[in-house]
Each structure stands twice: as C-alpha cells, then as structure tokens.
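Peer 1: Quick one: this structure, given as structure tokens, is what I'll be asking you about.
There are 2 protein chains.
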Amino acid sequence: MKILIIGAAGMIGRKLAERISADGGLGETAVDEMVLVDVIAPQVPAGRISNVSTQAIDISAPGAAKPLVAGRPDVIFHLAAIVSGEAEADFEKGYSINLDGTRDLFEAIRAEHAASGYTPRVVFASSIAVFGAPFPAQIPDDFALTPLTSYGTQKAIGELLLADYTRRGFFDGIGLRLPTICIRPGKPNKAASGFFSNILREPIAGEEAVLPVSEDVRHYFASPRAAIGFFLHAGTMDLSVIGPRRNISLPGLSATVGDEIAALGRIVGEKAVKLIRREPDPTIIRIVGGWATDIEGRRARDLGFVAETSFDEIIKAHLEDEMGGRAKV
Amino acid sequence: MKILIIGAAGMIGRKLAERISADGGLGETAVDEMVLVDVIAPQVPAGRISNVSTQAIDISAPGAAKPLVAGRPDVIFHLAAIVSGEAEADFEKGYSINLDGTRDLFEAIRAEHAASGYTPRVVFASSIAVFGAPFPAQIPDDFALTPLTSYGTQKAIGELLLADYTRRGFFDGIGLRLPTICIRPGKPNKAASGFFSNILREPIAGEEAVLPVSEDVRHYFASPRAAIGFFLHAGTMDLSVIGPRRNISLPGLSATVGDEIAALGRIVGEKAVKLIRREPDPTIIRIVGGWATDIEGRRARDLGFVAETSFDEIIKAHLEDEMGGRAKV
Numbered sequence: 001m002k003i004l005i006i007g008a009a010g011m012i013g014r015k016l017a018e019r020i021s022a023d024g025g026l027g028e029t030a031v032d033e034m035v036l037v038d039v040i041a042p043q044v045p046a047g048r049i050s051n052v053s054t055q056a057i058d059i060s061a062p063g064a065a066k067p068l069v070a071g072r073p074d075v076i077f078h079l080a081a082i083v084s085g086e087a088e089a090d091f092e093k094g095y096s097i098n099l100d101g102t103r104d105l106f107e108a109i110r111a112e113h114a115a116s117g118y119t120p121r122v123v124f125a126s127s128i129a130v131f132g133a134p135f136p137a138q139i140p141d142d143f144a145l146t147p148l149t150s151y152g153t154q155k156a157i158g159e160l161l162l163a164d165y166t167r168r169g170f171f172d173g174i175g176l177r178l179p180t181i182c183i184r185p186g187k188p189n190k191a192a193s194g195f196f197s198n199i200l201r202e203p204i205a206g207e208e209a210v211l212p213v214s215e216d217v218r219h220y221f222a223s224p225r226a227a228i229g230f231f232l233h234a235g236t237m238d239l240s241v242i243g244p245r246r247n248i249s250l251p252g253l254s255a256t257v258g259d260e261i262a263a264l265g266r267i268v269g270e271k272a273v274k275l276i277r278r279e280p281d282p283t284i285i286r287i288v289g290g291w292a293t294d295i296e297g298r299r300a301r302d303l304g305f306v307a308e309t310s311f312d313e314i315i316k317a318h319l320e321d322e323m324g325g326r327a328k329v
Numbered sequence: 330m331k332i333l334i335i336g337a338a339g340m341i342g343r344k345l346a347e348r349i350s351a352d353g354g355l356g357e358t359a360v361d362e363m364v365l366v367d368v369i370a371p372q373v374p375a376g377r378i379s380n381v382s383t384q385a386i387d388i389s390a391p392g393a394a395k396p397l398v399a400g401r402p403d404v405i406f407h408l409a410a411i412v413s414g415e416a417e418a419d420f421e422k423g424y425s426i427n428l429d430g431t432r433d434l435f436e437a438i439r440a441e442h443a444a445s446g447y448t449p450r451v452v453f454a455s456s457i458a459v460f461g462a463p464f465p466a467q468i469p470d471d472f473a474l475t476p477l478t479s480y481g482t483q484k485a486i487g488e489l490l491l492a493d494y495t496r497r498g499f500f501d502g503i504g505l506r507l508p509t510i511c512i513r514p515g516k517p518n519k520a521a522s523g524f525f526s527n528i529l530r531e532p533i534a535g536e537e538a539v540l541p542v543s544e545d546v547r548h549y550f551a552s553p554r555a556a557i558g559f560f561l562h563a564g565t566m567d568l569s570v571i572g573p574r575r576n577i578s579l580p581g582l583s584a585t586v587g588d589e590i591a592a593l594g595r596i597v598g599e600k601a602v603k604l605i606r607r608e609p610d611p612t613i614i615r616i617v618g619g620w621a622t623d624i625e626g627r628r629a630r631d632l633g634f635v636a637e638t639s640f641d642e643i644i645k646a647h648l649e650d651e652m653g654g655r656a657k658v
C-alpha cells in the first residue's frame, strides 16, 4: 500500500506519519511507500517503511497536485491548511490554500480517475469551526454549517466538495471534524484557543501559564493521541456503511477549564495548579464565547471513532507521549 | 438606483426585470438604470425605466464579472445557473458556471470594494436542493446542508461564500432557498420536477398532461408570483436584522399531488382534471422520493417573506398572470 500525507509537517501530520512508520502499515495492510508533503519539507520518521520520501510543495501553486496524484497513492490524508487566525488575517491566502488547494487536489484525483479508473481513499481534516454560534448546548450531527470565520467557511466548502466527488465516484472520501486538540505539544502560541493547552502543558513542564478566561468556560476536546486514532480509523474503516454524508463530527470530551484544572491537580498535583496565573483577556473571552461547548458525535461513535472521556485521560496521554511518563513539577 | 440582474433571460429573472421595470423602482426607491445579463441577451421589458441595457455574457468566462461590477450597481440579483439536471450531466460545466461564476462575481465585488469602498446588496438565488435525504418531514431552519446533487453542492458553496463575504463587509448579501416553482409557465420540460407544473398548466390550457407519480407524493412549492415577491423583498428589506446567517429557507406550500388536483377541480373544473393521464415512471418516482416534503421557513416568515398557503391561490395567480384570467378548458 502507498500512502500520501499532505500537511505532514504539522503537529497531527507529523505524528500520523510517525505512527504509520512505526507500525509499518495502516491497520492490517503493510505500507511499502509513504510520501510526506508540506510547504516545508517534512522530516522522515524512523520506523519500518523503507521507501519514505518528502517534498516541499505549496499545494496552492498551479499544477502542484497533479504529480502527487500521478503516483497513485491508495490513501491520501489531506491535512494541509492555513490555520484559523491566519486565514482571517489574510483572506486571499486562506482561500488559496484552504479552498483552492483542496479543490486542486480533488480535481487532480478526478483527472486521474477519468484516465485510469484510479479511486483512492481521501481522508480530509475538517474542523468544528464549520459550526458558528448560536447553536444548542450540544450540537446535533445534522446541525447546519454556519461558520463565523473564513477558515470555517473554507473547511465547510471542502466538506461539500468531498461529499460530491465521493458521490460521483471520483474517490472514496471521509471528512473529519476535529475537536480542539488538547494538550498540544510544543511552545505556547498566540491562537485564541492556545490557553486550553497552555494551562496544562506549561505547569506539567514546571512553567507558569496564563489563564485568560473564567473556569466555567466549556469547550470540546480530544488529545493528539485520539486525533491520530481518528485518522487511522478513517484510513482503514469500511466506508461503504457511511452513506452520502461523508463528513463526521468526531467524538470528544466536553469539559470546562475548571475540569482541566481539577484533573491537573489530581494527576500532577497542587504545585502544578499553582503555576496557573489568572489574567482575564476580554478579547479572548469574547472569541471563546462563540465556540461550541459540546457536539453530539453519535454517528462517529457508532462508526467506531473513540475519544477520551476525562481530562485525567488526556493528561496521562500527554505525560506518556510527550514527557517520558512524568511531570517536571 | 442602479440594478444588475444576472440570469435575466431565465423565467424568474425575466419576470423580476419586468416587474421592476413596470414599477419604475425597487420598493420606495426609483430605479434609473437597469442592466440585464444572461448567456443569451435578455429582452428589454416595457416599463418606466428609460435606461435599460442588456448584455450576453457567459459569467464563467475569465474576467466576465469585472465589467459588470465596474458600473457599481446598488443591488445585484444573481440568478444565473446551470439547472440541476444539466449540472449532473456535465460536471465541469456545472462547477464552472454555478461555482466559479458565482465566486468570480463575488471576487469582482471584493476588488471594487477594496478600490473604492463599494458595498452593494447581493441577492443570490439558492435552492432547497441544498438539502438531501434523509431529513425530517419538516426541515428545520438550522438543518445541515447535505446536497445529493452537484447543483445542490454548488448552491450550498455559493451560500457559504455569500455569508463569508458579507461577514467580511465586502458586500451585503442574502441567499434565498427557493421552493420548487409551480406553476412554471411555458412548455412542458424534461426536468424531473416538471410534472408538478405540467399537471396544472396543461389542463388549464386544454391540453393533456402526464402524471408519473402517485397522488400522495408531497413537495414544497411557491408560485412565480411569490418568487418575484421574495426577490423584491430581499432587495429592499433591512438586512441588518438578519445576523450572520444570510441564507434563508423561504416559506412555501407543503402539498401533495392530490392537493394540486383537488384545487384544479375546484378552481377550473372536473373537465380539467380529466386531462391528467396517469403513467407511473419508476425513475421519476425514485428521484422525487428523495426530495424535501416540507420546510420550516420560520425565520423567513419572521423576516416578512410571504408565500401562498393553498394550491387554490397558486392556480388563481397563474390564471391572472399567464392566462388573462381564465382557463381554456
């Protein structure tokens, strides 16, 4: 089997490549070739796949998608995107990469399908940003797409294209509406959602973190480990049972900031909790106030997608996957 | 005020141009210039607007939108589209006209907005084809967009773009999800939905009509007169009260084929009803079985959109608007 990961230098793409490489396969199927693509050349992960190549490609450049598809990968993971803040700040860049880049990829597959009958599996990273307030406390699986950002709009359009190209038989697609990933590894960043990870990751590493909202703020989460599980499942599951609605709101954990902090205290200790400094930020309070607090995710659970059910689990996964098993506080 | 109608040679576009021309204005505002555009040159309607020009333009041609927007119309009605059957038969043509043509128009407005602050009102013709089965007996206003045709996909993408461009302030947009228009004037056509109109229009004109489905088939309708009312209201109403959800499921009449026939008997007589010949068509039965039977339309009603509440009204409107007041049977 041959696999293509577009967006393989991002956090999820990198972890997905590492995992497939370590497993030497996708589910029960051995992988003999993996192509990793991003706007900067991704790293080649250690592991059991001998033929791993990397390419630095801007998928929004004219003709960029064609050579990727010419290699006829069996499974294409498409995670490349300009993130929410940047797509909002740079309208043209967001549409160019998130919409045109996705459509160019789908069109390249359609051309190869017409030429040779090629019909790969396409796993598309979407986002709960396709939903915009107001919405019910728990967003149902059949809720309207009403994005309030250009990023969410571009992801929603990608979903619609994916469903139509799948219905037409050009490829076999599935779109995954990812919850907010927490605990993101790495350094604090300026994303409005960054604090959800910062207030756990930094104290676990013995560093101070800033909490800009109140403890009763509720949001919807899955760990990086769960996210990799979502992509592996989407890459191997029987897609024929899904029907025409190919875009799935994934399961996640609906929890408050208070739940995060309580779990930090239980798993790591009060010393870690004391490293959280409260500094209310009206801008972040306003932005986060428009975000989903819970999502039904019943279809996804019925289809076998699994996420954490407590922040204790999420913190333990972070300790195991990023910290060699223990906190530094 | 200056008005641009794109798709002005189609049934709705033509009637809209005729009505605005007859009124000499849009709502309370006098119209001093109207530009009518379609892939074939629209007719200049009689009326009270002296400066009416027509142009034959393929809006999917590169650069086609720019000169239309350069004239800085205050209100743009965008009705141009490849219909459902053709968009399904010709994938590339459907995407080119229904998606790229719409996006090019929006982009041309954005460019003029950036250059001069131009911020027109844009009224976009969408369709209940953005919904695909399975759905509840009555589709709520916040139901997911799950189109099962390429046409519906293209309209749903147009809606998302319209909402995002409006949110960004490039124009002030509203998208109208039109019910199936009935009674369509003109000759019987091969659209799968054609029979809904044929079984009334043809008998009213003294001609036979074929009914390919059973009388209990339920669907969602508005008359051409109601449709023109929708566009006029969308062109004049206060858009600031709508909020960010700019695409509106319009009110309509949920009725069965049996309701149509009963109204035909009441308004025109049993002689007309006898002109309906039953010829079940399994293909049409299957297609129509996946269509919406009713739509909530509560937001639209609250915003002042009005449709018929019985087929008696729809038939009377047809007699008045198309038949000089009386049937030929």
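Protein chains in written order, with my numbering: chain L, 1 to 329; chain U, 330 to 658. Where a beta carbon is used, it is the ideal one built from N, C-alpha and C, also for glycine.
For I486(U) and R19(L), what's the separation of their Cα atoms in angstroms?
Peer 2: The residue you call residue 486(U) lines up with position 157 of the second sequence. The residue you call residue 19(L) lines up with position 19 of the first sequence. Those two C-alpha atoms are separated by around 35 Å.
Peer 1: Can you pull the chain A residues whose beta carbon is under 8 Å from the beta carbon of P244(L), in chain order?
Peer 2: Note that chain A does not occur in the displayed structure, where the protein chains are L and U.
Peer 1: Quick one: grab the DSSP three-state call for S298(U).
Peer 2: For residue 298(U) there is no data in the structure shown, the boundaries of chain U being 330 and 658.
Peer 1: When you compare only the Cα positions, how much space is there between L428(U) and Q483(U)?
Peer 2: Residue numbering aside, residue 428(U) sits at position 99 when the second sequence is read from its first letter. Residue numbering aside, residue 483(U) sits at position 154 when the second sequence is read from its first letter. Near 5 Å, if we compare the C-alpha coordinates of Q483(U) and L428(U).
Peer 1: Compile a chain-ordered list of the residues in the segment 497-510 of chain U whose CB is closer than 8 Å to at least one CB of chain L.
Peer 2: Within the segment 497-510 of chain U, the residues whose Cβ lies closer than 8 Å to some Cβ of chain L are R497, listed in chain order.
Peer 1: Quick one: any contact between the segment 513-529 of chain U and the segment 598-617 of chain U, if contact means 3 or more CB pairs under 8 Å?
Peer 2: With the cut-off at 8 Å, the segment 513-529 of chain U and the segment 598-617 of chain U touch.
Peer 1: Taking only beta-carbon atoms, is F420(U) less than 8 Å away from chain L?
Peer 2: Residue numbering aside, residue 420(U) sits at position 91 when the second sequence is read from its first letter. Yes, its Cβ sits closer than 8 Å to a Cβ of chain L.
Peer 1: List the residues that DSSP assigns as beta-bridge partners of M34(L).
Peer 2: Numbered from its first residue, the first sequence carries residue 34(L) at position 34. Looking at the DSSP assignment, M34(L) forms a beta bridge with I3(L) and V52(L).
Peer 1: Considering only DSSP beta bridges, list what I76(L) is partnered with.
Peer 2: On the first sequence, residue 76(L) is found 76 positions in, with the first residue counted as 1. In the DSSP output, where bridge partners are listed per residue, I76(L) has L4(L) and V122(L).
Peer 1: Would I59(L) pass as a contact of L4(L) if the rule is Cβ separation under 8 Å?
Peer 2: The sequence position of residue 59(L) within the first sequence is 59, counting from 1. The sequence position of residue 4(L) within the first sequence is 4, counting from 1. It is not a contact, given that the beta carbons lie outside the stated cut-off.
Peer 1: For A137(L), collect the residues of the same chain with a Cβ closer than 7 Å to its Cβ; drop the 5 residues on either side in sequence, then sort them by chain order.
Peer 2: The sequence position of residue 137(L) within the first sequence is 137, counting from 1. The answer, listed in chain order, is T293 and D294.
Peer 1: Please confirm whether L250(L) has its beta-carbon closer than 8 Å to some beta-carbon of chain U.
Peer 2: The sequence position of residue 250(L) within the first sequence is 250, counting from 1. False, the Cβ-Cβ gap to chain U never drops below 8 Å.
Peer 1: Cβ of A338(U) within 8 Å of Cβ of P391(U)?
Peer 2: Residue 338(U) sits at position 9 when you count from the first residue of the second sequence. Residue 391(U) sits at position 62 when you count from the first residue of the second sequence. Cβ distance not < 8 Å, so A338(U) and P391(U) don't count as in contact.
Peer 1: Do you know how far the Cα of A444(U) is from the Cα of R184(L)?
Peer 2: What you label residue 184(L) is simply residue 184 of the first sequence in a count that begins at 1. What you label residue 444(U) is simply residue 115 of the second sequence in a count that begins at 1. So the alpha carbons of these two residues sit roughly 41 Å apart.
Peer 1: Using three-state DSSP, classify P581(U) as helix, strand or coil.
Peer 2: Taking the first residue of the second sequence as position 1, residue 581(U) is located at position 252. Checking the displayed sequence, the identity of residue 581(U) turns out to be Gly instead of Pro. If DSSP states are grouped into helix, strand and coil, G581(U) belongs with coil.
Peer 1: Assuming I6(L) and H78(L) make a contact with CB atoms under 8 Å, what is their CB distance in whole Å?
Peer 2: Here residue 6(L) refers to the residue found at position 6 when the first sequence is read from its first residue. Here residue 78(L) refers to the residue found at position 78 when the first sequence is read from its first residue. That pair is a contact at about 5 Å.
Peer 1: Look at G502(U) and V658(U) and say whether their C-beta atoms are less than 8 Å apart.
Peer 2: Reading the second sequence from its first residue, position 173 is the one you call residue 502(U). Reading the second sequence from its first residue, position 329 is the one you call residue 658(U). Not in contact: G502(U) and V658(U) (Cβ atoms no closer than 8 Å).
Peer 1: Kindly indicate which residue of G356(U), V368(U) and I378(U) has the alpha-carbon position closest to the one of G564(U).
Peer 2: Within the second sequence, numbered from 1, the residue matching residue 564(U) stands at position 235. The residue with the shortest Cα to Cα distance from G564(U) is G356(U).
Peer 1: Among V539(U), L579(U) and I571(U), whose alpha-carbon lies nearest the alpha-carbon of A551(U)?
Peer 2: Working through the second sequence from its first residue, we reach residue 551(U) at position 222. When each option's Cα is compared against that of A551(U), the closest is L579(U).
Peer 1: Check whether the segment 125-142 of chain L and the segment 174-182 of chain L are in contact - that is, three or more C-beta pairs closer than 8 Å.
Peer 2: The segment 125-142 of chain L is in contact with the segment 174-182 of chain L.
Peer 1: Do the segment 208-220 of chain L and the segment 256-265 of chain L meet, that is, are 3 or more Cβ pairs less than 8 Å apart?
Peer 2: Short answer: they touch.
Peer 1: Looking at chain L, which residues of the segment 593-614 of chain U have a Cβ within less than 8 Å of any of its Cβ atoms?
Peer 2: Those would be none; no residue qualifies.
Peer 1: For a cutoff of 8 Å on Cβ pairs, would you count T102(L) as touching chain U?
Peer 2: Along the first sequence, one-based indexing puts residue 102(L) at 102. Not an interface residue.
Peer 1: Which one of E362(U), I590(U) and I369(U) has the shortest CA to CA distance from R401(U)?
Peer 2: Counting from 1 along the second sequence, the entry for residue 401(U) is found at position 72. It is E362(U) whose Cα lies nearest to the Cα of R401(U).
Peer 1: Spatial neighbours of G619(U) within its chain, please: CB distance less than 8 Å, with the 5 preceding and 5 following residues excluded, ordered by chain position.
Peer 2: Position 290 of the second sequence, counting from 1, holds the residue named residue 619(U). G461, A462 and L477, listed in sequence order.
Peer 1: Start and end of the alpha helix (DSSP H) containing D433(U)?
Peer 2: Position 104 of the second sequence, counted from the start, is the residue given in the question as residue 433(U). Per DSSP, D433(U) belongs to the alpha helix (DSSP H) from G430 to S445.
Peer 1: Taking DSSP as the reference, what is the three-state secondary structure of D387(U)?
Peer 2: Looking up residue 387(U) in the second sequence gives position 58. Residue state, collapsed to three classes: coil.
Peer 1: Should N198(L) go down as buried or exposed, given a rule of 16 or more other Cβ atoms within 10 Å for buried?
Peer 2: For the purposes of this step, residue 198(L) is taken as the residue at position 198 of the first sequence. The residue is buried, with at least 16 neighbouring Cβ atoms inside 10 Å.
Peer 1: Under a CB-based cut-off of 8 Å, is D403(U) close to chain L?
Peer 2: Start at 1 with the first residue of the second sequence, and residue 403(U) comes out as number 74. With 8 Å as the cut-off, D403(U) does not count as an interface residue toward chain L.
Peer 1: Which residues in chain L have a C-beta closer than 7 Å to the C-beta of A485(U)? List them in chain order.
Peer 2: Taking the second sequence and counting its residues from 1, one reaches residue 485(U) at position 156. Going along chain L in sequence order, the residues near A485(U) (Cβ under 7 Å) are L160.
Peer 1: Show which residues of chain L have a CB atom less than 7 Å away from the CB atom of F472(U).
Peer 2: Sequence index remark: in the second sequence, residue 472(U) carries index 143 (1-based). Near F472(U) (Cβ distances below 7 Å), the residues of chain L are D142 and A144.
Peer 1: Check I181(L) in the structure and name its three-state DSSP category.
Peer 2: Locating residue 181(L) in the first sequence gives position 181, counting from the first residue. Looking at I181(L) - three-state DSSP - the assignment turns out to be strand.
Peer 1: A492(U) and R575(U) - do their beta-carbons sit closer together than 8 Å?
Peer 2: Taking the second sequence and counting its residues from 1, one reaches residue 575(U) at position 246. Taking the second sequence and counting its residues from 1, one reaches residue 492(U) at position 163. A contact, by the Cβ cut-off of 8 Å.
Peer 1: Measuring CB to CB, does I97(L) end up less than 8 Å from A81(L)?
Peer 2: As a first step, residue 97(L) must be located in the first sequence, where it is residue number 97. As a first step, residue 81(L) must be located in the first sequence, where it is residue number 81. Against a cut-off of 8 Å, the Cβ pair of A81(L) and I97(L) comes out as a contact.
Peer 1: Is there a Cβ from chain U that is less than 8 Å from the Cβ of D164(L)?
Peer 2: Residue mapping note: residue 164(L) aligns to position 164 of the first sequence, counting from 1. Judged by the 8 Å Cβ criterion, D164(L) is in contact with chain U.
Peer 1: Report, in whole angstroms, the separation of the C-beta atoms of M323(L) and I204(L), which I expect to be a contact under 8 Å.
Peer 2: To locate residue 323(L), count along the first sequence from 1; it is residue 323. To locate residue 204(L), count along the first sequence from 1; it is residue 204. With a Cβ gap of about 6 Å, M323(L) and I204(L) count as contacting.
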